[in-house]
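Here is the structure we will look at, set down as structure tokens.
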Amino acid sequence: MGHHSCEIEVWDWKAGELVWTHTFGNQIIFSFLDPFHIAVIGKAFNPPRSLHIHRVVGTRDNSNTQRIGHSEDLSHVCTVALPPPIHPNATRIYIDRITCNTRPTSSIIPLSDAPFAHDPASALVTIQFTVFHKEANPKFLLVIPARTLYREMERASSCAAIRPPSIVPWTDWGPCGSLLLPLTNHNRQNYLSLIRRIEPFGSRFALPFHIPHEPRDCEHVVVLDFTRSAARRNFTGAAALDLMRLALLDGEEWKDIFAESVVRSTLPYRAIVGPDVTLVDCQAPRPVSVRMVVQPDGFTIMYARSRRDGGPRLDMYHI
46 MGHHSCEIEV WDWKAGELVW THTFGNQIIF SFLDPFHIAV IGKAFNPPRS LHIHRVVGTR
106 DNSNTQRIGH SEDLSHVCTV ALPPPIHPNA TRIYIDRITC NTRPTSSIIP LSDAPFAHDP
166 ASALVTIQFT VFHKEANPKF LLVIPARTLY REMERASSCA AIRPPSIVPW TDWGPCGSLL
226 LPLTNHNRQN YLSLIRRIEP FGSRFALPFH IPHEPRDCEH VVVLDFTRSA ARRNFTGAAA
286 LDLMRLALLD GEEWKDIFAE SVVRSTLPYR AIVGPDVTLV DCQAPRPVSV RMVVQPDGFT
346 IMYARSRRDG GPRLDMYHI
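Set out below in structure tokens:
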């Protein structure tokens with residue numbers, strides 16, 4: 046492959062057969078949306094950014110050298126634009142990771158015999174990225190319920206016979222179908238600021254944040270539930286919303302990067318304020334990496350440390 050190109054190969058590891066291969070014109074990062082679709086995004090710095098959805102089709106039906114935007118790209122389903130910065134020429138965006146927590150299909154229990162079936166539309170797609178603007182490099186997280194992308198895929202499919210797929214503008218899908226959240230606060234140094242990965246559970250996502258003027262070792266966690274039923278029941282308390290606005294939206298970092306219309310979202314969700322998280326002394330040996338894993342009844346914070354520093358540590362919290 047060339048220096049600026051990348052190729053994805055999908056294999057059936059049981060049969061040892063190549064299922065699908067695709068060549069992209071630049072360096073990319075990707076995640077499976079479900080067993081039949083893959084979400085791809087370029088890692089390059091310069092905006093604008095777009096998320097591409099491809100259908101994993103058999104190699105007999107698909108060329109091995111297709112590229113994004115090519116008129117003969119049979120696997121391309123749709124493309125949606127990501128949040129545009131206010132000053133695209135003075136802003137660089139680097140994609141850190143994209144994940145989707147869709148559960149893989151299993152052949153152990155036939156679907157017809159299973160008492161419950163996982164709905165792929167209830168999964169969450171998360172895109173973490175770093176913005177390089179002036180002297181700051183804050184991190185942001187874009188949370189997208191999978192049902193939002195399935196809706197855009199259906200729209201693109203219905204219009205395919207009329208016109209070729211085009212990029213869906215952010216204003217047409219982002220504010221109503223996703224939630225953009227800042228992840229960093231440069232005035233703090235503690236363990237939660239070192240979290241490298243937050244793993245959702247189903248439609249739930251946990252977000253740590255710090256309220257200004259509180260002790261440095263005191264953190265809060267809000268669990269966001271994006272299920273339609275939770276949103277319809279309107280369990281979002283005023284206190285939770287006030288905390289979200291105070292800690293996540295009313296800071297000054299994002300105002301010079303994204304317009305208010307980009308950050309504000311109408312996506313319904315339920316916000317559950319979790320227990321306070323008391324951190325270990327910030328002067329203590331810092332962990333190698335920290336992960337937060339959401340569970341059905343709470344979340345777990347996992348610290349990876351060397352034996353000299355006390356070894357691994359698990360802190361479990363219930364909601």
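Using the working numbering, you'd call the opening residue of the sequence shown number 46 and step up by one each time. Each residue gets a CB set at the ideal place from its N, CA and C atoms; glycine is no exception.
Boundaries cannot be given for residue 350, as no beta strand (DSSP E) includes it and DSSP labels it neither H nor E. DSSP, reduced to helix, strand and coil, places residue 216 within a helical segment of the structure shown.
Three or more pairs of CB atoms, one per stretch, sit closer than 8 Å, so the segment 82-100 contacts the segment 58-74.
The beta-bridge partner set that DSSP reports for residue 317 consists of 268. Take residue 78, set aside five residues on each side of it, and the residues of its chain with a beta-carbon closer than 6 Å to its own are 84 and 145, in chain order. The continuous stretches of alpha helix (DSSP H) do not include residue 125, which lies in the beta strand (DSSP E) extending over residues 121-126. When secondary structure is reduced to three states using DSSP, residue 300 falls in the helix class.
Residue environment for residue 344: buried (at least 16 other C-beta atoms within 10 angstroms of its C-beta).
In terms of Cα proximity to residue 126, the closest of 271, 319, 87 and 61 is 87. Annotation for residue 53: 67 place their beta carbon closer than 6 Å to its own, counting only its chain and skipping 5 residues before and after. Counting along the chain, residue 305 sits inside the alpha helix (DSSP H) bounded by residues 305-308.
Here DSSP, grouped into helix, strand and coil, assigns residue 166 to helix. Taken atom to atom, the span from the alpha-carbon of residue 241 to that of residue 336 is near 6 Å. The three-state secondary structure of residue 95, taken from DSSP, is strand.
When rounded, the separation of the alpha-carbon atoms in residue 143 and residue 355 is 31 Å.
In terms of CA proximity to residue 221, 313 leads the group 313, 346 and 319.
Secondary structure at residue 345: strand, using DSSP grouped into helix, strand and coil. Rounded to the nearest angstrom, the gap between the Cα atoms of residue 244 and residue 361 is 14 Å. Spanning the alpha carbons of residue 80 and residue 353 requires a straight line of approximately 42 Å. Counting along the chain, no beta strand (DSSP E) covers residue 89, and no H or E run does either.
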